[in-house]
Amino acid sequence: MFHHPQFDPVAISLGPLAIHWYGLMYVVGFVGAWWLARVRAERLGLTKDQVGDMIFYGALGVVLGGRIGYALFYGWEQFLANPLWVFKVWEGGMSFHGGLIGVLIASLLYARRHRLTFFQLTDFIAPMVPIGLGAGRLGNFINQELPGRVTDVAWGMVYPLYGPEPRHPSELYEFALEGVVLFCILWTVSRQPRQRGLISGLFLICYGAFRFFIEFFRRPDPQLGFIAFDWLTMGQLLCVPMLLAGVALVVWSRRQDVDDARSSSQV
Numbered sequence: 156m157f158h159h160p161q162f163d164p165v166a167i168s169l170g171p172l173a174i175h176w177y178g179l180m181y182v183v184g185f186v187g188a189w190w191l192a193r194v195r196a197e198r199l200g201l202t203k204d205q206v207g208d209m210i211f212y213g214a215l216g217v218v219l220g221g222r223i224g225y226a227l228f229y230g231w232e233q234f235l236a237n238p239l240w241v242f243k244v245w246e247g248g249m250s251f252h253g254g255l256i257g258v259l260i261a262s263l264l265y266a267r268r269h270r271l272t273f274f275q276l277t278d279f280i281a282p283m284v285p286i287g288l289g290a291g292r293l294g295n296f297i298n299q300e301l302p303g304r305v306t307d308v309a310w311g312m313v314y315p316l317y318g319p320e321p322r323h324p325s326e327l328y329e330f331a332l333e334g335v336v337l338f339c340i341l342w343t344v345s346r347q348p349r350q351r352g353l354i355s356g357l358f359l360i361c362y363g364a365f366r367f368f369i370e371f372f373r374r375p376d377p378q379l380g381f382i383a384f385d386w387l388t389m390g391q392l393l394c395v396p397m398l399l400a401g402v403a404l405v406v407w408s409r410r411q412d413v414d415d416a417r418s419s420s421q422v
């Protein structure tokens with residue numbers, strides 16, 4: 156049995172200014188995506204400045220979509236009671252699925268502006284997303300957020316904020332699968348030109364499957380509990396359309412031509 160290290164959630168204090176680890180994890184995700192996008196920018200014929208614009212669009216999609224999605228999926232009653240609560244981002248609460256919808260909308264707007272097809276852009280972006288996912292899960296772990304269910308496995312971890320029982324360190328499970336493994340899969344497959352839509356579909360399938368599986372070890376959201384069957388969580392429910400869309404997209408991509416890269420360089 157292990158004990159949570161109880162990290163100080165504040166990474167750096169500069170007088171009255173406090174920089175939290177969770178905020179730094181967002182920076183890590185955006186900077187990592189920006190750097191990798193610059194490395195492969197020639198594949199879409201983008202300039203370095205256009206890559207910066209793309210990350211800005213994506214950041215807006217993540218933050219706005221993530222917060223609005225959390226209000227709709229996980230905090231509906233609280234939102235109805237006080238609609239202004241949605242702006243209290245300092246109280247925490249972000250939804251991956253809401254952030255995904257936000258990024259897709261931002262991608263549609265960016266693709267139109269730069270005369271790219273939608274799936275051409277999402278295939279380019281998909282391998283970069285796991286960086287932010289993995290960093291975010293480390294932020295959850297540092298803050299003792301989203302812990303796992305009570306367990307008796309040898310690597311169970313005691314989270315002081317949730318009592319003396321050992322729990323699955325589900326944030327680390329998610330870091331490993333949604334961050335490291337998903338990145339390796341998408342980055343490796345995308346090294347060669349693929350049919351348009353394949354990488355996007357593969358992202359939806361892999362993330363949906365990983366998240367659905369890990370939800371069996373993660374503590375259900377206390378304000379919701381189980382949605383159905385005494386085991387189905389909101390996270391799993393939201394992954395079902397992701398999995399279906401991913402399978403449909405992969406099948407559709409098989410009828411598409413290979414999306415030739417504009418640069419022969421490979422990373």
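Under my numbering, the first residue of the sequence shown is numbered 156, with each subsequent residue one higher. Ideal placement from N, C-alpha and C gives every residue a C-beta, glycine not left out.
Hey, out of Q299, W342, R193 and E326, whose CA is closest to D163's CA?
Among Q299, W342, R193 and E326, the Cα nearest to that of D163 belongs to Q299.
Quick one: give me the first and last residue of the alpha helix (DSSP H) that H175 is part of.
Premise fails: H175 lies in the beta strand (DSSP E), L172 to H175, not in any alpha helix (DSSP H).
Is A166 helix, strand or coil by DSSP?
Correct three-state label for A166: strand.
Just grab the DSSP bridge partners of M312 for me.
According to DSSP, M312 bridges with F157 and R322.
When we look at the beta-carbon of E326 and count the other beta-carbons within 10 Å, is it buried (16 or more) or exposed?
Buried, since its Cβ has 16 or more Cβ neighbours within 10 Å.
Should L169 be labelled buried (16 or more other beta-carbon atoms within 10 Å of its own) or exposed?
L169 is exposed by the Cβ-count criterion.
If I'm right that G257 touches V206 with Cβ under 8 Å, what's the distance once you round it to whole angstroms?
With a Cβ gap of about 19 Å, G257 and V206 do not count as contacting.
Cα-Cα, which of K203, M283 and V406 is closest to R346?
When each option's Cα is compared against that of R346, the closest is M283.
How close, in whole Å, do the beta carbons of D278 and R366 come, if the pair is a contact with beta carbons under 8 Å?
Not a contact, Cβ separation roughly 21 Å.
Please classify W386 as buried or exposed, where buried requires at least 16 neighbouring CB atoms within 10 angstroms.
So W386 ends up on the exposed side.
Report the three-state DSSP secondary structure of L255 (helix, strand or coil).
Here L255 sits in helix by DSSP.
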